[in-house]
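Undergrad: The sequence shown runs 2 to 257 under our numbering. All residues carry an ideal CB built from backbone N, CA and C; glycine is no exception. None of these values were measured; they are calculated from a predicted model.
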Amino acid sequence: MLVSHGEICSTCIVLIWIKVNVANIEKKLTRNARTQRMIHHLKITQEILTYVRDVSLRENDILKALRNETLKMAECNMQIMPEQGQFIALLVRLMQAKKALEIGIFTGYSALCVAQALPDNGELIACDNNADWVNMGRKYWQQAGVEHKISTMIGNAQDSLQQLIEEKLEGSFDIAFIDADKENYDTYYELALKLVKKGGLILLDNMLWSGAVANKSISDKETEVLRALNKKLLSDDRIDLSLLPFADGLTLVLKR
């Protein structure tokens, strides 16, 4: 069958049109895929967590021993993740902090991380209401040679913080870490804000509360307190902040 010159040209035009549009579709799909990667956060699987620890965690033997002993306890879920402890220690060094405050010691893992990052003349004042838990950590502080940097206040944390204020220590702390009972988080935050200096940092753990704060069907007291505090921090003009979707949600608050 004979094909005219006009038919050949028409066929060429159609093929060019298809080729151009296929290329445009491929570009659009590539852009969409890139956008999806930007929108959706990486799901942290056990495989990825293991990899992160393999390539970045510098947990010494004493920290590891304390963490392993804590894992045997019924309350082991209260233990911070080791990479979180390392991150807090990095912030202490980055700020060249000399005076730190901790509200909620548990078995002392985070206190050990902070104390090791402080200079030899640095001081960590740590508050908790359970002397047995604190004493469990104390032997590891001794092994690490940092016990002289840590002063503990055993009892009601609100009373302990108020005592520090009465001792004229307002505005004297470089950094504070809050990881205690959630129902009193707002109170701890307000007291810590008085105690840290301008340019000082407050860290608040568990601010995502295993995702409960984002689930409207959950309305227990602890979740509601954390929700309200998250909302309050967003509009608090006394601070700058960032909520990291890291561990169980770690909020960094910089006092203006």
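Kindly list the residues whose CB is nearer than 6 angstroms to the CB of Ser243, restricted to its own chain and excluding five residues on each side of it in sequence; keep chain order.
TA: Once the five neighbours on either side are set aside, the close Cβ partners of Ser243 are Leu253.
Undergrad: Nearest by alpha-carbon distance to Ser111: which of Ile151, Asn130, Ile45, Ser218 is it?
TA: Out of Ile151, Asn130, Ile45, Ser218, Ile151 has the C-alpha closest to the C-alpha of Ser111.
Undergrad: Beta-carbon separation of Ala213 and Met82 under 8 angstroms?
TA: No, the Cβ-Cβ distance between Ala213 and Met82 is not below 8 angstroms.
Undergrad: Check each candidate in Glu124, Met74, Ala193, Lys256 and name the one with the smallest Cα separation from Ala181.
TA: Of the listed residues, the one whose Cα sits closest to Ala181 is Ala193.
Undergrad: Reducing DSSP to helix, strand and coil, say where Leu244 ends up.
TA: Reduced to three states, the DSSP call for Leu244 is strand.
Undergrad: Beta-carbon separation of Thr108 and Leu64 under 8 angstroms?
TA: Going by C-beta atoms, Thr108 is not nearer than 8 angstroms to Leu64.
Undergrad: Looking at Leu235: is its Cβ nearer than 8 angstroms to the Cβ of Met208?
TA: Result no, Cβ atoms of Leu235 and Met208 do not sit closer than 8 angstroms.
Undergrad: For Arg262, tell me which candidate among Tyr52, Glu76, Glu84 has the shortest Cα-Cα distance.
TA: Nothing about residue 262 can be read from this structure; the chain reaches only from 2 to 257.
Undergrad: Ser161: buried (16+ other C-beta within 10 angstroms of its C-beta) or exposed?
TA: That one is buried.
Undergrad: In chain order, what are the residue ranges of uninterrupted alpha helix (DSSP H) at least 4 long that sit wholly in the segment 96 to 134?
TA: Fully enclosed alpha helix (DSSP H) runs of 4 or longer: 110 to 118.
Undergrad: Evaluate contact between the segment 94 to 106 and the segment 40 to 53, counting only Cβ atoms and requiring at least three cross-stretch pairs below 8 angstroms.
TA: Judged by Cβ distances under 8 angstroms, the segment 94 to 106 makes no contact with the segment 40 to 53, as fewer than three pairs qualify.
Undergrad: Going by alpha carbons, who is nearest to Ile89 out of Cys77, Asp221, Lys232, Ile203?
TA: That would be Ile203, whose Cα lies nearest to the Cα of Ile89.
Undergrad: Which of the three DSSP states, helix, strand or coil, is assigned to Asp187?
TA: In this structure, Asp187 counts as helix in the three-state DSSP scheme.
Undergrad: Is it buried or exposed, Lys232, if we count other Cβ atoms within 10 angstroms and call 16 or more buried?
TA: Flag for Lys232 reads exposed.
Undergrad: Quick one: Cα of Leu119 to Cα of Ser218, how far?
TA: Cα-Cα distance, rounded: 42 angstroms.
Undergrad: How long is the line joining the alpha carbons of Arg257 and Gly172, rounded to whole angstroms?
TA: Those two C-alpha atoms are separated by around 12 angstroms.
Undergrad: Is DSSP giving Met258 helix, strand or coil here?
TA: Limits of the chain in this structure are 2 at one end and 257 at the other, which puts residue 258 out of reach.
Undergrad: With DSSP run on the structure shown, which of helix, strand or coil describes Ala90?
TA: Three-state result, Ala90: helix.
Undergrad: Determine the burial state of Arg239: buried for a count of at least 16 other Cβ atoms within 10 Å of its Cβ, exposed for fewer.
TA: The residue is exposed, with fewer than 16 neighbouring Cβ atoms inside 10 Å.
Undergrad: Using only alpha-carbon positions, find the residue among Asn61, Ile45, Asn22, Leu245 that is nearest to Gln144.
TA: The residue with the shortest Cα to Cα distance from Gln144 is Asn61.
Undergrad: Just to confirm the assignment: which complete beta strand (DSSP E) runs, minimum length 3, are found wholly within the segment 189 to 226?
TA: Whole beta strand (DSSP E) segments, 3+ residues: 197 to 205.
Undergrad: What residues match up with Thr252 in a beta bridge as DSSP calls it?
TA: Answer by DSSP bridge pairing, in chain order: Leu205, Leu244.
Undergrad: Which term fits Gln80, buried or exposed, when burial requires 16 or more other beta carbons within 10 angstroms of its beta carbon?
TA: Classification for Gln80: buried.
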